[in-house]
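Under the numbering used here, the first residue of the sequence shown is numbered 48, with each subsequent residue one higher.
Where a beta carbon is used, it is the ideal one built from N, C-alpha and C, also for glycine.
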Amino acid sequence: MRRRAFTLIELLVVIAIIAILAAILFPVFARARDKARASACLSNTKQLAVAMHQYMQDWDGGYPASTTYPSPIPAYGYSFWMAMIQPYVKNESIYKCPSATFDKGWAVGPGVVYATYGFNEYLNYIGRYSRDYNNESDIPNPSLTALIADSVAGSHFHDWDGPTKGPDGVTLPDGMLRIKYANGSEDGGRLRSRHNGANIVYADAHAAFMPLERFYHSGPLGDVSPEKKLQRPIIHPLAKPAP
Numbered sequence: 048m049r050r051r052a053f054t055l056i057e058l059l060v061v062i063a064i065i066a067i068l069a070a071i072l073f074p075v076f077a078r079a080r081d082k083a084r085a086s087a088c089l090s091n092t093k094q095l096a097v098a099m100h101q102y103m104q105d106w107d108g109g110y111p112a113s114t115t116y117p118s119p120i121p122a123y124g125y126s127f128w129m130a131m132i133q134p135y136v137k138n139e140s141i142y143k144c145p146s147a148t149f150d151k152g153w154a155v156g157p158g159v160v161y162a163t164y165g166f167n168e169y170l171n172y173i174g175r176y177s178r179d180y181n182n183e184s185d186i187p188n189p190s191l192t193a194l195i196a197d198s199v200a201g202s203h204f205h206d207w208d209g210p211t212k213g214p215d216g217v218t219l220p221d222g223m224l225r226i227k228y229a230n231g232s233e234d235g236g237r238l239r240s241r242h243n244g245a246n247i248v249y250a251d252a253h254a255a256f257m258p259l260e261r262f263y264h265s266g267p268l269g270d271v272s273p274e275k276k277l278q279r280p281i282i283h284p285l286a287k288p289a290p
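Okay, structure coming up:
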């Protein structure tokens, strides 16, 4: 007995069903992938927080210098905070967010590891800027003060430039991080909203995710809601949260 072959209409129906299922499932898979990457990024920042805490314990609560001279990387002339905590970091891959899709940021070592997390330039910066805030005891609100943040090119961030828009199309009110890549040709690190928010290590060495909407509210630095759900991180150590 001969088997009946599929008709063209039946084949088209099967293809249509597969296409519909793909249209439904692919966004679900994409969201699951993005969520997994965001969780991995938060895990990275938590491991950086542990390494930072271990460093601070060994240095009487002191933060690593965000930038030092000279550098083991002759092309840069700088040695960044990432290299300072390197002995406490067991896995160099934690310096990079798995969702980062842009070019290399600042190198941790001689051309082998690149970071996508930035360091608060107000804290223990050696060189042009003040070093008044080099120890946790110098920070009035360490649990609210950003120390390390998800950024475009890992180096530093600050609040000097006012509202700015980065390559992700997001404008932040306090212009976090405006530096250049090593070649000076592209926008460098600023707070990056890879996960519709940012993973942040605070000055007391705890890490947490901050939704992007927390950076968008009028009024002073602190939250305007009773629940404090919109509290933005403090960048300058002397800034105060809203009462």
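For residue i, count neighbouring C-beta atoms within 10 Å of its own C-beta (all shown protein chains included) and say buried if the count is 16 or more, exposed if not.
| i | result |
| --- | --- |
| Ile132 | buried |
| Phe76 | exposed |
| Thr218 | Per-residue confidence for Thr218 stands at a pLDDT of 44, beneath the threshold of 50, marking its modelled position as unreliable; the derived number appears in the next sentence. Answer is exposed; the Cβ neighbour count stays below 16. |
| Thr163 | buried |
| Ile195 | buried |
| Glu57 | exposed |
| Ile62 | exposed |
| Ala147 | buried |
| Asn167 | buried |
| Ala66 | exposed |
| Trp128 | buried |
| Ala130 | buried |
| Ile64 | exposed |
For the candidate residues the options, whose alpha-carbon lies nearest to that of residue i?
| i | options | result |
| --- | --- | --- |
| Pro134 | Leu191, Met103, Ile195, Phe166 | Met103 |
| Asp185 | Tyr169, Ala196, Ile195 | Tyr169 |
| Lys82 | Arg241, Ala254, Ala196, Ala250 | Arg241 |
| Tyr249 | Asn167, Pro258, Phe256, Thr192 | Thr192 |
| Gly108 | Glu183, Ala254, Cys88 | Glu183 |
| Phe256 | Glu139, Ala87, Trp106 | Ala87 |
For residue i versus residue j, is the C-beta distance shorter than 8 Å?
| i | j | result |
| --- | --- | --- |
| Asn243 | Thr92 | no |
| Ala252 | Ala96 | yes |
| Val141 | Gln94 | Position check: residue 141 holds Ile in this sequence, whereas Val was assumed. A contact, by the Cβ cut-off of 8 Å. |
| Ala98 | Val60 | no |
| Tyr110 | Asn181 | yes |
| Ser198 | Gly165 | yes |
| Arg78 | Pro145 | no |
| Ala254 | Leu89 | yes |
Let me know the secondary structure DSSP gives residue i once reduced to three states.
| i | result |
| --- | --- |
| Ala112 | coil |
| Asn188 | coil |
| Pro258 | strand |
| Ile132 | coil |
| Ser146 | coil |
| Leu170 | coil |
Going by DSSP, what residue range makes up the beta strand (DSSP E) through residue i?
| i | result |
| --- | --- |
| Val248 | 244–249 |
| Asn167 | 164–167 |
| Ala196 | 193–197 |
Tell me where the alpha helix (DSSP H) around residue i begins and ends.
| i | result |
| --- | --- |
| Asp105 | 55–105 |
Closer than 8 Å, CB to CB, is residue i near chain B or not?
| i | result |
| --- | --- |
| Ala252 | Of the chains in the structure shown, none is chain B; there is only one protein chain. |
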